[in-house]
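I have placed the structure first, in the form of structure tokens, so that the comments after it can refer back to it.
There are 2 protein chains.
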Amino acid sequence: MKAIVSRQVFQLAEGNLFQEINIDSPQLKEDEVLVKVHASGVNPVDTKIRQTPLNGNARILGFDAAGEIVEVGSQVTDFKVGDRVFYSGSNQQSGSNQTHQVVSAHYIAHAPESLSYEDAAALPLTSITAYETFFDIFRISTNPEENKGKTVLIINGAGGVGSIATQIAKAYGLKVVTTVGRTETKEWSLKQGADKVINHHNTLVSELEQFELPAPDYIFCTYDTDHYYEQMIELVKPRGHIATIVAFKEKQDLNLLKSKSITFSHEFMFSRALYQTEIDQYQYYLKDVAKKVDEGIYTSTRTQTLTPLSTETIYNAHQEMEKQQFIGKLVVKII
Amino acid sequence: MKAIVSRQVFQLAEGNLFQEINIDSPQLKEDEVLVKVHASGVNPVDTKIRQTPLNGNARILGFDAAGEIVEVGSQVTDFKVGDRVFYSGSNQQSGSNQTHQVVSAHYIAHAPESLSYEDAAALPLTSITAYETFFDIFRISTNPEENKGKTVLIINGAGGVGSIATQIAKAYGLKVVTTVGRTETKEWSLKQGADKVINHHNTLVSELEQFELPAPDYIFCTYDTDHYYEQMIELVKPRGHIATIVAFKEKQDLNLLKSKSITFSHEFMFSRALYQTEIDQYQYYLKDVAKKVDEGIYTSTRTQTLTPLSTETIYNAHQEMEKQQFIGKLVVKII
Chain A
1 MKAIVSRQVF
11 QLAEGNLFQE
21 INIDSPQLKE
31 DEVLVKVHAS
41 GVNPVDTKIR
51 QTPLNGNARI
61 LGFDAAGEIV
71 EVGSQVTDFK
81 VGDRVFYSGS
91 NQQSGSNQTH
101 QVVSAHYIAH
111 APESLSYEDA
121 AALPLTSITA
131 YETFFDIFRI
141 STNPEENKGK
151 TVLIINGAGG
161 VGSIATQIAK
171 AYGLKVVTTV
181 GRTETKEWSL
191 KQGADKVINH
201 HNTLVSELEQ
211 FELPAPDYIF
221 CTYDTDHYYE
231 QMIELVKPRG
241 HIATIVAFKE
251 KQDLNLLKSK
261 SITFSHEFMF
271 SRALYQTEID
281 QYQYYLKDVA
291 KKVDEGIYTS
301 TRTQTLTPLS
311 TETIYNAHQE
321 MEKQQFIGKL
331 VVKII
Chain B
1 MKAIVSRQVF
11 QLAEGNLFQE
21 INIDSPQLKE
31 DEVLVKVHAS
41 GVNPVDTKIR
51 QTPLNGNARI
61 LGFDAAGEIV
71 EVGSQVTDFK
81 VGDRVFYSGS
91 NQQSGSNQTH
101 QVVSAHYIAH
111 APESLSYEDA
121 AALPLTSITA
131 YETFFDIFRI
141 STNPEENKGK
151 TVLIINGAGG
161 VGSIATQIAK
171 AYGLKVVTTV
181 GRTETKEWSL
191 KQGADKVINH
201 HNTLVSELEQ
211 FELPAPDYIF
221 CTYDTDHYYE
231 QMIELVKPRG
241 HIATIVAFKE
251 KQDLNLLKSK
261 SITFSHEFMF
271 SRALYQTEID
281 QYQYYLKDVA
291 KKVDEGIYTS
301 TRTQTLTPLS
311 TETIYNAHQE
321 MEKQQFIGKL
331 VVKII
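Now the structure itself:
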């Protein structure tokens, strides 16, 4: 059982400080499963966690996985050996940059039957993030008909979260406007289902005016929240809702929310795992993702694959994330 | 037709710069009514608007009223001369510190039959603020059964908004914890229906721990948001919701919302009037207030009355608001 670990906080400029180690076969708790990881999705959060202090002496990153169950804990009833599953897991536990991963059965769901492991591994973290944003935060209806006429603006439509968020919003009846900056990202975002793509090199206000687009009911920021904070407030409908997944660099003026009675949320996919509340919600959302993939409604957002599992692969994957230019999702094929 | 106006921005320490004037009988627009104001509620927003730049050459404050319709515009069908009505109105138009007020029929509702004009005038602005916070922002259910088991913490439970918010939250099935600082405010808040009253002279966290109270699902801040910002974030449930009606003095760190995925809203009762969106919602909420008052579910929060309408009365009323110690609501009896 092989794993790629980091034993210290480091910047990529310091060189490749990832290490390959061998791990003994773990003892499962009663509600856990052991997964033979076939593919691990890469996310910006990997690079952020790499730069936060370590709790133990080695950290295994990777918070997206698809694989096959090879062992189940004594109380696990919904899954059996041989099941194909996908999951994001918890940032409080070892990730999927390893050949075999222990994960709580609460966090996993059966992978879409129609997808390869690589395509499935692209989806969990970004899908859960988008589902939480739409359903827990914006509280859109699960009935697409009731969302008709409402618009979401997704900032950075071609990123990992922006791509699947576009597909999910469309499937649930919203009108989707995304921002992009390049020809390739425009094409990709339209392929994800965006109704309208605007250019982030101009101000968002001027773009919305030019295309006579309505003030969005919801704005979902997946890039540089500080830069967009005031623009989002200017754009959103009165009593509208803004959510971000990107931490701020600066303090902000919350009084700007007042005149329109704006609601602002900071979505963080690991909140439920961190506070151990409603953790079955992960599974609930992943089941809907798998169902809609198999119905042909969602497609995988994977655009690139690195292999095999090695320190070089993980280092390269982190480099790709830190460029902040990636379209769709990068996946590491483990075996 | 008499009105109390301010012709300049001023601090109370500069003396009583309110002036009494006579106003000609106005021309109504087709969707307006003329109300003979019997009572005008006083709110902190009066003192805030007094200190913002004037648009015209004279400003009439007062954004709570109960009175009798004496004239209706040509398109008004829901109201007739002689109807008893109550309303908050719009901060974009002249207020209720006058004997006769022109107001859009969209903003008014029939006053509770069981209340005097003075008691009715205590309710509109604070009730609408609380309804918007609970239903538009927190999005609690209109079915009390569905809110059972959920808790709201109201900071400053004995203030104008805190008092009626307590009654409304209780009527809709929430458990209500309020903060107070004095024996009188504790008694008053319990009388409004608070399930538990905690002391704001201690930290809120220590109070909740001492009384073994659950982490609130919702926190409604009606006092000194800067002071409570970090405490509220520490207290609220993961994926919980905080709303305030009090502007910040300082910029704040929005990243503090991240680990729990907290939602933060700035409620402002005049947003709908200011942006002219969904303005009938005011009326919709006021109808529910009147119904629940007449059913004996809500009681007026009026605790004190000043009279007659004069520059001295309005000056004294502003002094009371600026002390920030007022329990319940202060009302000016106009005639």
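Listed in order, the protein sequences are those of chains A and B.
The first sequence lines up with residues 1 to 335 when you count with full-length UniProt numbering.
The second sequence lines up with residues 1 to 335 when you count with full-length UniProt numbering.
Cβ coordinates follow ideal geometry from the N, Cα and C atoms, glycine included.
Keep in mind it's a predicted model, so treat the numbers as computed, not measured.
Assigned with DSSP and collapsed to three states, B/Ala169 falls in helix. Straight-line measurement puts the Cα of B/Gly173 at about 8 Å from the Cα of B/Glu146. Taking a beta-carbon distance threshold of 7 Å, A/Glu230 does not count as an interface residue toward chain B. Annotation: A/Lys175 has no Cβ neighbours in chain B at a cutoff of 8 Å; minimum Cβ distance is about 18 Å. Under the three-pair Cβ rule at 8 Å, the segment 91–108 of chain B does not count as touching the segment 144–160 of chain B.
Under the DSSP assignment, A/His106 falls outside any alpha helix (DSSP H); it carries neither an H nor an E label. Just so you know, the alpha carbons of B/Thr313 and B/His201 end up roughly 32 Å apart. The beta carbon of B/Tyr87 sits no closer than 7 Å to any beta carbon of chain A. Judged by DSSP in its simplified three-state form, A/Arg59 adopts strand. Residues of the same chain with a CB within less than 8 Å of the CB of B/Asn16, apart from the 5 flanking positions on each side, are Thr311, Glu312, Tyr315 in chain order. Here B/Ile245 is buried, its C-beta having at least 16 other C-beta atoms within 10 Å. Here B/Ile164 carries a helix assignment [DSSP, helix/strand/coil]. Residue environment for B/Thr142: exposed (fewer than 16 other C-beta atoms within 10 angstroms of its C-beta). Between the segment 272–284 of chain A and the segment 252–262 of chain A there are fewer than three inter-stretch CB-CB distances shorter than 8 Å, so the stretches are not counted as touching.
At least 7 Å separates the CB of B/Phe220 from every CB of chain A.
Secondary structure at A/Gln252: strand, using DSSP grouped into helix, strand and coil. Cα atoms of B/Leu54 and B/Gln8: separation of roughly 7 Å, rounded to the nearest angstrom. A direct Cα-to-Cα measurement between B/Ala66 and B/Val289 gives close to 14 Å. Following the DSSP letters along the chain, one finds A/Ser40 inside the beta strand (DSSP E) bounded by residues 32–42. For A/Phe79, the secondary structure class from DSSP, reduced to helix, strand or coil, is coil. Sequence-distant Cβ neighbours of B/Ile137 in its own chain, meaning closer than 8 Å and more than five residues away, are His241, Ala243, Ser265, Glu267.
For B/Lys148, the number of other beta carbons within 10 angstroms of its own is below 16, and it is reported as exposed. Around the beta carbon of A/Gln252, a 10 Å sphere encloses 16 or more other beta carbons of the protein chains shown; the residue is thus reported as buried.
Residue contact with chain A for B/Leu257: present (Cβ-Cβ distance below 7 Å to some residue of chain A). Going by C-alpha positions, A/Ile69 is about 4 Å away from A/Val35. Interface with chain B (7 Å Cβ-Cβ cutoff): A/His106 is excluded. At a cut-off of 7 Å between C-beta atoms, B/Lys260 counts as an interface residue with respect to chain A.
Remark: C-beta atoms of B/Val331 and B/Ala122 approach each other more closely than 7 Å. Non-local beta-carbon contacts of B/Ala194 in its own chain, meaning distances under 6 Å to residues more than five positions away in sequence, involve Gly157, Thr166, Val176, Thr178 in chain order. Using beta-carbon distances, B/Thr277 counts as an interface residue toward chain A, with a partner under 7 Å. Sequence-distant Cβ neighbours of B/Tyr117 in its own chain, meaning closer than 6 Å and more than five residues away, are His38, Ala39, Ala66.
With a cutoff of 7 Å on beta-carbon distance, A/Tyr298 and A/Lys292 are scored as near each other.
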